[in-house]
């Protein structure tokens, strides 16, 4: 069964540094997402991406965050200047997206990148 | 503001049927109800999706009443490996034209299965 893959599985960085989290969505999917989950808390939506542009974003997704699909397979999340509170699991997801905003298409999640900011 | 309401936790025993109910009063007319399962340190995993009445697949059933303001995930004959957090995810009619809130998970239900 095709799956979403994320790299690295764990990233440690110092406060103020830039990090890039990488994802390879399922190949025939059209909608791409980033979520995060702070330890012990709920899964929080960051951003959705469709047709090479952001379709929706949450309040968490401020100017420090950006997403890119640099080629036909990768989908990246960049945090320009990390803060301690950015420490979390970051999940990439993709969906076929054939129903409206893509919400009604099941999301397929990767196993996440654990980001630790020190 | 949460768009769904679920019990925070539930306990059951191996071999039992478990039913988890989710309330979603503001579900949009065209939105489906989707349930996910999450194990520690893993991404959520799609379980089942439905629009109305009943849907069944190899792992679960989903019961949705006519008003669609709630849904019940039914797990038959649970095992220890079903211990996980279960989320229901629906749209919100206040954001029928778009909006990030419709893509937000609630707190989920932590299901604990005991021997």
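Protein chains in written order, with my numbering: chain W, 9 to 126; chain X, 63 to 177.
C-beta: ideal position from N, C-alpha, C; glycine also.
* With distances taken Cα to Cα, identify the nearest neighbour of residue 60 of chain W among W:76, W:87, W:97, W:68. => Of W:76, W:87, W:97, W:68, the smallest CA-CA separation from residue 60 of chain W is found for W:76.
* **Local Cβ density within 10 Å of residue 223 of chain X, reported as buried at 16 or more and exposed below that** => Because chain X is modelled from 63 through 177, residue 223 of chain X falls outside the range shown and cannot be assessed.
* Asked: Should the segment 115-122 of chain X be regarded as contacting the segment 118-126 of chain W, the criterion being three or more beta carbon pairs within less than 8 Å?
  -> The segment 115-122 of chain X makes no contact with the segment 118-126 of chain W, as fewer than three CB pairs between them are under 8 Å.
* To do: Under 8 Å by Cβ, that's how I've got residue 102 of chain W and residue 37 of chain W pegged, so tell me the actual separation to the nearest angstrom.
  => With a contact defined as Cβ atoms closer than 8 Å, residue 102 of chain W and residue 37 of chain W qualify at about 4 Å.
* Just confirm the distance between the C-beta atoms of residue 79 of chain X and residue 137 of chain X, as a whole number of angstroms; I'd bet it's less than 8 Å. => The beta-carbon separation of residue 79 of chain X and residue 137 of chain X, rounded to 7 Å, stays under the 8 Å limit for a contact.
* **C-alpha distance - residue 65 of chain X paired with residue 114 of chain W, whole-angstrom precision** => In a straight line, the C-alpha of residue 65 of chain X is about 18 Å away from that of residue 114 of chain W.
* Asked: To which residues does DSSP link residue 111 of chain X through a beta bridge?
  -> Per DSSP, X:96.
* What is the DSSP secondary structure of residue 73 of chain X, reduced to helix, strand or coil? -> Residue 73 of chain X falls in the strand class under three-state DSSP.
* To do: Check residue 93 of chain W in the structure and name its three-state DSSP category.
  => Per DSSP, reduced to three states, the secondary structure at residue 93 of chain W is helical.
* **Where residue 143 of chain X falls: helix, strand or coil (DSSP)** => Secondary structure of residue 143 of chain X (DSSP, three-state): helix.
* To do: Run down chain X in chain order and give the residues with a C-beta less than 8 Å from the C-beta of residue 114 of chain W.
  => Within chain X, the residues placing a beta-carbon under 8 Å from that of residue 114 of chain W are 96, 108, 111, ordered along the chain.
* Asked: Taking the alpha-carbon positions, what's the residue 50 of chain W to residue 167 of chain X distance?
  -> Spanning the two alpha carbons is a distance of roughly 7 Å.
* To do: Could you round the C-beta distance between residue 32 of chain W and residue 13 of chain W to whole angstroms and report it? I think they count as a contact, below 8 Å.
  => Confirmed, Cβ separation roughly 5 Å.
* To do: Could you run through the segment 73-87 of chain W and flag, in chain order, every residue whose CB is less than 8 Å away from some CB of chain X?
  => Cβ contacts with chain X come from no residue of the segment 73-87 of chain W.
* **Integer-rounded CB distance, given that residue 142 of chain X should sit under 8 Å from residue 178 of chain X** => With chain X running from 63 to 177 in the structure shown, residue 178 of chain X is simply not present.
* To do: Mind checking who residue 122 of chain W pairs with in its DSSP beta bridge?
  => Checking the DSSP bridge columns, you'll see residue 122 of chain W partnered with W:18, W:97.
* **Inter-residue spacing [alpha-carbon to alpha-carbon] between residue 101 of chain X and residue 23 of chain W** => Rounded to the nearest whole angstrom, the CA to CA distance from residue 101 of chain X to residue 23 of chain W is 29 Å.
* With 8 Å set as the bound, which would you pick, yes or no: does the beta-carbon of residue 104 of chain X sit closer than that to a beta-carbon of chain W? -> So, interface residue.
* With 9 Å as the limit, tell me which residues of the segment 91-102 of chain W have their beta carbon closer than that to any beta carbon of chain X; keep them in chain order. => Result list: 97, 99, 100, 101.
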